[in-house]
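Position one of the sequence shown corresponds to residue 1 (the UniProt record's numbering), numbered consecutively onward. Glycine residues also receive a C-beta, built at the ideal position from the N, C-alpha and C atoms. Here the structure comes first, spelled out in structure tokens, and everything after it is commentary.
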Amino acid sequence: LAPCREAVQGSSEFHFLCPLRAKREIKTARRGGRCCCCGTAPLRSARCPAGSRGSAAPQPSRVSPAALPKRNKKPEVAPSEIMEAEIEGQNNKEETKEVKAKNQKMTSVFGLADLKNEAVGLYNLGQSCCLNSLLQVFLMNIHFTRILRRITVPSSPAQRRNNVPYQMLLLLEKMQCGKCKAVGPTELACCLSEHRVKLFVQHDAAQLFLTLWNLLKKQMKKPELVEELSDLYTICIQKHLACQKCSFEVKNSSTMLTLPLPVLDANSQRLKTLEDCLRYFFHPEELTGQNMCFCQQCGRKTSFLQSMKLVHLPQTLTLHLQRFCLERSSHRHKLSHHLPFPQELDLREVLTESQCQADDSEKATWQFELFAVVAHSGSSSCGHYCAYIRSLTDCKWYCFNDSEVCQVWWDDVKCTYGHSSLYWRETAYLLFYMKKHPQQPWPGVSECL
């Protein structure tokens, strides 16, 4: 105990410095009592340093402890307990900082942070190249991630584990906030397996794209987000059936997520360009023989002329090149012949007036730029997928080959046109086009039906 600096003469009180306090404040205690701060008993009487001039300071008169007024004794606090309390306080402060940092990080992910320009790969979990390629196409689409960032987060851990939009959002956070060149989509893959998406098997990219999109739409709780997702990808068409005998017409409106474009015509002749595939898809087809339909006016089955007219195109137009076909022996065969596609696509020049059922304001938005290509290499029974994507931030092309990502040029993308004699080379399978001048606001899909 440190001695006091002012002796209190003729008093039963004395001053000393509390040894368990970091602050050097003078405390007061009564002889025989305890420190009013921490309850520590003084070890000896304090002597005034003023007595160093030659005369000792008069000692306070002794008072019997029995004569002192009784006080409730404060419990003694061990120094170790004080130190533990201080350490616990520091830990609480650190935890508070961590919580604030985590909240700030999650706030940035849920819609307030700009997208990073760096491209991040995805590790192959075992025949997951198809899934990785499609995830890159989804997450590199800024219009899609704007929707994804506004989803409702499920309340329980079990619901979060099985929610595809939430797991895709966590994957986006991992890709944007991490410093690794590639991340593993393990949690999302496990989530998809809970929804009967098989793992460690080869997938068809067109079928898996439809599966992912439907799961996203099904598990988004906000109606406005479901509508925005539909407007972003849904194609509106109108089917026409006209009786060849009495001209009776039937019209049905429907929606599609992809345009399944044949690469061969009815005579098994190869179509030469993407524009040829589009014209052939919307070309009227005569239904005869076993394909005849029942006519209500004729009262019997007659030949019909079937045609499709384009009503509305979304912001992201998905074209499926049907390179896998079934032969007469029910054997799946891959068509790898050369089929070029343009960087810019104007459907007003491709389709005729009879193939369109849209007004002028809708047609004015039918100019597209190529955004992504999902390419397949190998045969119909064994192969590999990768994605070529044009970044919407720096307008550069990148090749996403699982965990490997590199910048490429348009000449590299053109290598996916296909080659008749080299079936193992990359051939474009899914084409994603983006509108150059989208209509604002986008008309709802329900308005087109």
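Of the residues the options, the one placed nearest residue i, counting alpha carbons only
{"i": "residue 269", "options": "379, 280, 123", "result": "280"}
{"i": "residue 233", "options": "164, 405, 167, 259", "result": "259"}
{"i": "residue 186", "options": "412, 158, 126", "result": "126"}
{"i": "residue 317", "options": "128, 144, 273, 122", "result": "144"}
{"i": "residue 324", "options": "344, 382, 354, 297", "result": "382"}
{"i": "residue 419", "options": "139, 376, 251", "result": "376"}
{"i": "residue 273", "options": "250, 342, 239", "result": "342"}
{"i": "residue 409", "options": "389, 393, 402", "result": "389"}
{"i": "residue 138", "options": "154, 123, 213", "result": "213"}
{"i": "residue 204", "options": "373, 131, 193, 347", "result": "131"}
{"i": "residue 379", "options": "181, 331, 157, 178", "result": "331"}
{"i": "residue 354", "options": "360, 308, 334", "result": "308"}
{"i": "residue 304", "options": "314, 285, 315", "result": "285"}
{"i": "residue 337", "options": "264, 358, 300", "result": "264"}
{"i": "residue 291", "options": "282, 261, 340, 306", "result": "306"}
{"i": "residue 302", "options": "129, 124, 243, 167", "result": "243"}
{"i": "residue 121", "options": "183, 176, 287, 372", "result": "183"}
{"i": "residue 434", "options": "313, 362, 192, 403", "result": "313"}
{"i": "residue 161", "options": "334, 193, 174, 140", "result": "193"}
{"i": "residue 450", "options": "158, 231, 227", "result": "Absent from the model: residue 450. The displayed extent of the chain is 1 to 449, so no value can be given."}
{"i": "residue 320", "options": "429, 346, 360", "result": "429"}
{"i": "residue 297", "options": "248, 384, 190", "result": "248"}
{"i": "residue 257", "options": "282, 278, 229, 277", "result": "229"}
{"i": "residue 373", "options": "223, 191, 417", "result": "417"}
{"i": "residue 359", "options": "310, 392, 393", "result": "310"}
{"i": "residue 460", "options": "153, 168, 206", "result": "Lying outside 1 to 449, the shown extent of the chain, residue 460 is not represented and no answer is given."}
{"i": "residue 146", "options": "181, 168, 188, 190", "result": "168"}
{"i": "residue 140", "options": "432, 425, 391", "result": "391"}
{"i": "residue 277", "options": "340, 238, 253, 326", "result": "340"}
{"i": "residue 239", "options": "349, 403, 357, 170", "result": "357"}
{"i": "residue 432", "options": "136, 155, 271, 266", "result": "136"}
{"i": "residue 124", "options": "179, 201, 173", "result": "201"}
{"i": "residue 397", "options": "170, 283, 371, 287", "result": "371"}
{"i": "residue 171", "options": "422, 148, 218", "result": "148"}
Assigned secondary structure, residue i (DSSP; H/G/I helix, E/B strand, else coil)
{"i": "residue 122", "result": "strand"}
{"i": "residue 409", "result": "coil"}
{"i": "residue 149", "result": "coil"}
{"i": "residue 431", "result": "strand"}
{"i": "residue 211", "result": "helix"}
{"i": "residue 129", "result": "helix"}
{"i": "residue 111", "result": "Confidence at residue 111 is low in this model, with a pLDDT of 33, below 50, so the placement of that residue is unreliable and no value is reported for it."}
{"i": "residue 218", "result": "helix"}
{"i": "residue 400", "result": "strand"}
{"i": "residue 415", "result": "helix"}
{"i": "residue 266", "result": "coil"}
{"i": "residue 426", "result": "coil"}
{"i": "residue 395", "result": "coil"}
{"i": "residue 271", "result": "coil"}
{"i": "residue 223", "result": "helix"}
{"i": "residue 260", "result": "strand"}
{"i": "residue 102", "result": "Here the model assigns residue 102 a pLDDT of 46, short of 50, so the residue's position is not dependable, and the following value carries that caveat. Residue 102 falls in the helix class under three-state DSSP."}
{"i": "residue 157", "result": "helix"}
{"i": "residue 168", "result": "helix"}
{"i": "residue 230", "result": "helix"}
{"i": "residue 143", "result": "helix"}
{"i": "residue 29", "result": "Legend: pLDDT at residue 29 = 42, less than 50; position of this residue unreliable, no value from coordinates given."}
{"i": "residue 437", "result": "coil"}
Integer Cβ distance of residue i from residue j, believed to fall under 8 Å
{"i": "residue 412", "j": "residue 395", "result": "15 Å between Cβ atoms; not a contact."}
{"i": "residue 436", "j": "residue 367", "result": "5 Å"}
{"i": "residue 241", "j": "residue 293", "result": "6 Å"}
{"i": "residue 133", "j": "residue 406", "result": "Between residue 406 and residue 133 the Cβ distance is about 15 Å, and since that is not below 8 Å, they are no contact."}
{"i": "residue 150", "j": "residue 208", "result": "Going by Cβ atoms, the distance from residue 150 to residue 208 rounds to 25 Å, so no, they are not a contact pair."}
{"i": "residue 295", "j": "residue 251", "result": "Between residue 251 and residue 295 the Cβ distance is about 15 Å, and since that is not below 8 Å, they are no contact."}
{"i": "residue 164", "j": "residue 216", "result": "6 Å"}
DSSP beta-bridge partners of residue i
{"i": "residue 249", "result": "242"}
{"i": "residue 254", "result": "237"}
{"i": "residue 302", "result": "293"}
{"i": "residue 285", "result": "306"}
{"i": "residue 390", "result": "397"}
Which residue spans inside the segment 173-207 form an unbroken alpha helix (DSSP H) run of at least 4? Counting only runs of 4 or more, we get 186-194.
- Message: Please give me, in chain order, every unbroken run of the beta strand (DSSP E) with length at least 3 that falls completely inside the segment 305-384.
- Response: Fully enclosed beta strand (DSSP E) runs of 3 or longer: 316-322, 324-326, 332-334, 344-346, 367-378.
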